[in-house]
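Taking numbering that gives the first Met the number 0, the leading residue of the sequence shown gets 0, the next gets one more, and so forth.
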Amino acid sequence: MSSPRTFKLLYKIVALVIVIVAAIAAASYVVSATREERIKREEQELQMFKMANIIASLKLIEPVTGRNIDWGIYQKFVDVTGSLDPDIVAIAVMDGANRVMAFWANENQVKAANPQTALDLKGALRAAVTQGKIRSREGDLVTVDSPITVDDRPVALIRIVFSQTRMKEDIARNRRTSLNIALAVLGLGIVGGIVLARGVTRPLENLAGKMKKVAGGDFSERMTSFPRDEVGTLARTFNGMVDGLVERDRIKAERDRLEVEKTRYRETLQRYVSRQVADRILSEHGTPFLKGERRDVTILFSDIRGFTRMSERMQPEEVVLLLNEYFSLM
């Protein structure tokens, strides 16, 4: 009968370690990548909102100064603000009637982020931004609006369109780095799993080999290394088991030897005494080397007068009958 196919413990441990490490690495990669993208998006959008609010603050100081700020100042302010951040695609400042009073555009960003929006370059971008054609998200472009109201009346609108192309490139680069780190961790986990599995399975394989030899009758096998764990306990138990088997065989061999000697002694005794006497001697003493016994006995010396002449005239059967009758009377 063929033995069932087995899946080695080494492979089981390595597979388990690989699954655990891969799950941890994958979870860490997904969580870190998602969290990084969310944080970068929120930070960039918050920065654009702050810029829009800074531009809008110019309009809010008009009630304090008592005079309107010239829109040309807005244009200069917008030009400076747009050049501060390379991710800004366009900035538009519109009055309450949605007329463009100041505008700045970065045509290169438009080409890189969304070529369809830059067909007519600055003119098309100006129309798209001011007419609201670029909404909250379109490709890599994101729009941020900061309305300005006075007494609940809209007086101006600051609109900033910015690109997330560089941010996505950074995220992709960081994801590749995170993926490489995850793969490196997985590789280290595989190597560590193999080392760990070998440390566990090697003494077990050694023990299994010795057990096969013991099963074949070789009782000279012993475990020599005893780790401080369950494997060490198993090794000590194996040595104790083999010692017990050796002792059992020694006792059995000694018992067989004594039985052979006892049989030989019985056969020797039966040459001189009856079988019952030989059995009693061996059962009481266990050995024919008797040392004697002290007992109080009574000895009767009896003689039949003329027995010799009488037995010469009688048949053997008659002599035996006479002796039996005599001993019965005595």
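Idealized CB from N, CA, C, for every residue including glycine. Since the model is a prediction, treat every value here as computed from it, not as a measurement.
- Nearest to glutamate 168 by C-alpha distance, out of Ala26, Asp302, Glu36, Ala22, is Glu36.
- Distances from the alpha-carbon of methionine 50 to those of Leu233, Glu258, Leu156, Leu328 put Leu156 closest.
- Rounded to whole angstroms, the gap between the alpha carbons of serine 219 and glycine 198 is 25 Å.
- Judged by pairs of C-beta atoms under 8 Å, the segment 181-194 touches the segment 7-22, as three or more such pairs exist.
- One thing to note: leucine 140 has its Cβ no nearer than 8 Å to the Cβ of valine 154.
- Secondary structure within the segment 146-194: the beta strand (DSSP E) runs of 3 or more consecutive residues, fully enclosed, are 152-162 (chain order).
- If you ignore the 5 residues before and after leucine 8, its C-beta comes within less than 6 Å of the C-beta of Thr200, all in its own chain and listed in chain order.
- Looking only at Leu233, Tyr28, Ala104, Arg293, the smallest Cα-Cα distance to aspartate 78 is reached by Ala104.
- Sixteen is the threshold: since fewer than 16 other Cβ atoms of the shown chains lie within 10 Å of the Cβ of serine 224, the residue is exposed.
- Aspartate 217 sits in coil when the DSSP states are folded into three classes, being neither helix nor strand.
- Around the beta carbon of serine 145, 16 or more other beta carbons lie within 10 angstroms, which makes this residue buried.
- In this structure alanine 32 does not touch arginine 235 by the C-beta definition: roughly 51 Å separates them, more than the 8 Å allowed.
- A check of alpha carbon separations from isoleucine 180 across Leu328, Gly81, Ala24 identifies Ala24 as the nearest.
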